[in-house]
Amino acid sequence: MAKLAYERPIINRISAGIPDKFGMQSRIRPIPQIEGLSVEELMKKHGSPLFVLSEKTIRDTFRSALKAFETRYPSVQFAWSYKTNYLDSVCRIFHQEGSWAEVVSRFEYEKALANGVPGNQIIFNGPHKTRDDLEVAIENDSLIHIDHFDELYTLLEIAGKSVTKPKVAIRVNMDTGIFPRWERFGFNYENGEAWDALNRIMLSGKLDLVGLHTHIGTYILAPSAYGMAANKLAQLAINLARKYNHHIQYIDMGGGFASKNTLKGAYLPGTDTCPTFDEYADAITSALINSEIEPDHMPTLFLESGRALIDDAGYLLGTVVANKRLPDGRRATIVDAGVNLLFTSFWYDHQVVPAVISSQHTENTTIYGPLCMNIDILRDAVMFPLLRPGERIVVPRVGAYNMTQWMQFITYRPNIVLIDTEQRIHVIREQENQNTFQTSERIPQYLK
Amino acid sequence: MRIKKSVAVSENGFVFDSSTGDSFNLNSIGREIVELMKNGSEQSEITQKIVERYEVEPAIFEQNLMDFQSMLKQFNLMEE
Numbered sequence: 001m002a003k004l005a006y007e008r009p010i011i012n013r014i015s016a017g018i019p020d021k022f023g024m025q026s027r028i029r030p031i032p033q034i035e036g037l038s039v040e041e042l043m044k045k046h047g048s049p050l051f052v053l054s055e056k057t058i059r060d061t062f063r064s065a066l067k068a069f070e071t072r073y074p075s076v077q078f079a080w081s082y083k084t085n086y087l088d089s090v091c092r093i094f095h096q097e098g099s100w101a102e103v104v105s106r107f108e109y110e111k112a113l114a115n116g117v118p119g120n121q122i123i124f125n126g127p128h129k130t131r132d133d134l135e136v137a138i139e140n141d142s143l144i145h146i147d148h149f150d151e152l153y154t155l156l157e158i159a160g161k162s163v164t165k166p167k168v169a170i171r172v173n174m175d176t177g178i179f180p181r182w183e184r185f186g187f188n189y190e191n192g193e194a195w196d197a198l199n200r201i202m203l204s205g206k207l208d209l210v211g212l213h214t215h216i217g218t219y220i221l222a223p224s225a226y227g228m229a230a231n232k233l234a235q236l237a238i239n240l241a242r243k244y245n246h247h248i249q250y251i252d253m254g255g256g257f258a259s260k261n262t263l264k265g266a267y268l269p270g271t272d273t274c275p276t277f278d279e280y281a282d283a284i285t286s287a288l289i290n291s292e293i294e295p296d297h298m299p300t301l302f303l304e305s306g307r308a309l310i311d312d313a314g315y316l317l318g319t320v321v322a323n324k325r326l327p328d329g330r331r332a333t334i335v336d337a338g339v340n341l342l343f344t345s346f347w348y349d350h351q352v353v354p355a356v357i358s359s360q361h362t363e364n365t366t367i368y369g370p371l372c373m374n375i376d377i378l379r380d381a382v383m384f385p386l387l388r389p390g391e392r393i394v395v396p397r398v399g400a401y402n403m404t405q406w407m408q409f410i411t412y413r414p415n416i417v418l419i420d421t422e423q424r425i426h427v428i429r430e431q432e433n434q435n436t437f438q439t440s441e442r443i444p445q446y447l448k
Numbered sequence: 001m002r003i004k005k006s007v008a009v010s011e012n013g014f015v016f017d018s019s020t021g022d023s024f025n026l027n028s029i030g031r032e033i034v035e036l037m038k039n040g041s042e043q044s045e046i047t048q049k050i051v052e053r054y055e056v057e058p059a060i061f062e063q064n065l066m067d068f069q070s071m072l073k074q075f076n077l078m079e080e
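Written as structure tokens, this is what we have:
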């Protein structure tokens with residue numbers, strides 16, 4: 001007689017009367033495939049852990065964002081936020097779709113040039129630009145977004161000796177009714193500092209003031225805040241037109257659109273609370289169109305969204321290493337991918353699901369990474385099915401920031417593969433090895 | 001260690017501990033194991049019966065059984 005299928009014995013306490021807000025229990029939906037390719041096969045071939053990016057999702061997401069804005073406003077230009085994910089292949093997909101580059105350091109600036117972005121399609125943001133950085137940006141006709149007065153004075157000094165007139169914008173920080181306010185970047189709107197900076201630029205005659213920029217924060221769930229920000233930038237543009245008869249070419253609303261990940265402590269899941277591109281687009285374009293900017297001088301709308309464009313396209317695949325029982329009875333599952341690879345798990349309750357499951361029985365589980373560090377926790381508490389060592393897990397929506405902020409701590413960073421639109425797999429960043437580190441280390445003679 | 005006398009288990013795996021008022025649910029194998037323990041079966045006997053009936057290696061089952069019994073202790077369903 002054939003034996004019955006085995007499922008490990010489970011006992012769960014029934015806590016009647018305290019169902020969570022979504023009901024007693026939600027069903028676990030495994031992710032056995034990405035873009036039609038088996039998770040197991042991907043990992044057999046390219047190792048564990050493994051980052052996987054879907055080109056189709058990148059392109060589809062970008063196009064839906066572009067459509068949301070282009071159907072509402074006459075002139076729209078996206079600039080890919082390099083810091084969100086600066087893998088060359090990813091950047092090139094965005095550039096193919098028409099994105100310019102938005103960089104915040106010389107490293108990123110050089111990457112953009114190497115990716116074939118023309119200098120005049122690179123926006124140089126950020127609080128740290130050296131004199132040399134500024135000179136190179138001027139030479140390449142890039143758009144320099146000034147962060148503070150010291151940078152403005154350095155630019156004026158360089159401009160005095162340069163044959164090329166630097167193209168500049170100022171970054172403006174402001175109260176948009178949300179918290180926290182990102183006051184450390186740029187010039188303040190409410191106290192008149194931004195207007196003061198604009199006057200100095202205009203009166204100097206040495207700089208070509210082409211735009212106005214703001215970036216109100218990150219993971220902004222209130223589209224109305226963007227409406228308020230666009231309104232304030234429009235007011236500055238109107239003041240410039242009135243006082244100097246100078247019409248700026250663009251208004252750059254920065255990024256900060258939320259993704260569908262769930263922030264720690266959030267009451268509802270990100271999939272329910274994340275505004276759509278249409279909602280952001282509606283708030284921003286309505287504010288600009290309804291402003292007093294003359295119709296003949298409507299500036300191009302620049303957007304530097306990063307997270308919302310790439311998060312959904314990234315997956316982190318890992319393998320269960322072991323299961324443990326903690327002293328308080330909680331179950332602990334150790335996997336081979338931790339906070340070293342999933343930096344965003346410090347602020348998101350990432351969805352972690354098995355690639356395949358044999359049982360819908362779940363247990364309150366803490367999912368730990370492989371590091372010998374107490375903080376290496378992927379999920380504090382999640383109802384998770386019982387997986388055996390060697391079984392695979394999938395963390396979806398990890399495309400933003402993880403492949404730039406990851407840490408090389410006690411282990412090698414893994415392969416990153418891209419699944420193209422025809423389901424072909426390409427390794428776009430190879431797993432590190434001893435050579436990766438030995439090439440940049442130098443041992444003094446007496447230690448050899 | 002054995003299952004407390006105050007613990008009742010229904011056919012569909014519902015567990016009620018009349019001494020504390022706590023209730024639990026078991027999956028099918030969990031229920032079989034609790035029944036075997038209530039009937040006084042030893043560890044080796046439980047392993048043998050389960051391995052005979054189900055598609056599982058004895059070593060894996062023993063590990064799962066230890067974990068399961070630690071949860072029974074955790075939930076205060078066992079006594080000396």
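As given, the protein sequences belong to chains A and B, one line each in that order. First residue of the first sequence: 1, per the UniProt record's numbering; consecutive thereafter. First residue of the second sequence: 1, per the UniProt record's numbering; consecutive thereafter. Ideal Cβ positions, reconstructed from N, Cα and C, are used throughout, including at glycine.
Below-9 Å beta-carbon distance, residue i vs any chain B residue
| i | result |
| --- | --- |
| Ser-64(A) | no |
| Glu-7(A) | yes |
| Ser-345(A) | no |
| Met-24(A) | At Met-24(A), the pLDDT of 47 sits below 50, so the modelled position is not reliable and the matter cannot be decided from this model. |
| Leu-387(A) | no |
| Arg-27(A) | no |
| Asn-364(A) | no |
| Asn-374(A) | no |
| Ile-367(A) | no |
Residue i to residue j span [Cα, whole Å]
| i | j | result |
| --- | --- | --- |
| Gly-177(A) | Val-398(A) | 29 Å |
| Arg-331(A) | Lys-73(B) | 14 Å |
| Asn-39(B) | Thr-20(B) | 22 Å |
| Arg-171(A) | Leu-207(A) | 15 Å |
| Thr-276(A) | Ser-44(B) | 59 Å |
| Thr-61(A) | Arg-307(A) | 11 Å |
| Tyr-315(A) | Phe-51(A) | 6 Å |
| Lys-260(A) | Leu-447(A) | 51 Å |
| Val-163(A) | Thr-154(A) | 16 Å |
| Ser-105(A) | Leu-53(A) | 25 Å |
| Tyr-6(A) | Arg-392(A) | 19 Å |
| Asn-27(B) | Asp-88(A) | 50 Å |
| Phe-24(B) | Gly-30(B) | 11 Å |
| Asn-188(A) | Thr-214(A) | 10 Å |
| Leu-37(A) | Arg-92(A) | 23 Å |
| Gln-405(A) | Asn-12(B) | 50 Å |
| Ile-60(B) | Ile-419(A) | 37 Å |
| Pro-49(A) | Ala-337(A) | 6 Å |
| Gly-160(A) | Gln-445(A) | 49 Å |
| Glu-183(A) | Asn-191(A) | 12 Å |
| Leu-203(A) | Ser-224(A) | 34 Å |
| Met-407(A) | Phe-107(A) | 18 Å |
Test item: CB-CB of residue i and residue j under 9 Å
| i | j | result |
| --- | --- | --- |
| Ala-194(A) | Leu-236(A) | yes |
| Asp-376(A) | Asn-340(A) | yes |
| Leu-342(A) | Val-394(A) | no |
| Ala-197(A) | Ile-146(A) | yes |
| Met-1(B) | Glu-52(B) | no |
| Asn-125(A) | Asn-140(A) | no |
| Ser-359(A) | Leu-326(A) | no |
| Phe-179(A) | Met-253(A) | no |
| Thr-344(A) | Asn-402(A) | yes |
| Glu-41(A) | Lys-56(A) | no |
| Ile-122(A) | Ala-114(A) | no |
Short CB-CB distance (under 9 Å) between residue i and chain A
| i | result |
| --- | --- |
| Glu-52(B) | yes |
| Gly-30(B) | yes |
| Val-7(B) | no |
| Ser-70(B) | yes |
| Glu-11(B) | no |
| Ser-23(B) | yes |
| Ile-60(B) | yes |
In DSSP terms, what residue i is bridged to
| i | result |
| --- | --- |
| Leu-303(A) | Phe-78(A) |
| Ser-23(B) | Phe-16(B) |
| residue 449(A) | Because residue 449(A) is not part of the residues shown, which for chain A are 1 to 448, the question remains open. |
| residue 470(A) | With chain A covering only 1 through 448, there is no way to say anything about residue 470(A). |
Residue burial classification, residue i (beta-carbon count within 10 angstroms, cutoff 16)
| i | result |
| --- | --- |
| Asn-323(A) | buried |
| Tyr-267(A) | exposed |
| Met-37(B) | buried |
| Leu-4(A) | exposed |
| Ala-229(A) | buried |
| Met-24(A) | Unreliable placement is indicated for Met-24(A), whose pLDDT of 47 sits below 50; no coordinate value is reported for it. |
| His-350(A) | buried |
| Asn-85(A) | buried |
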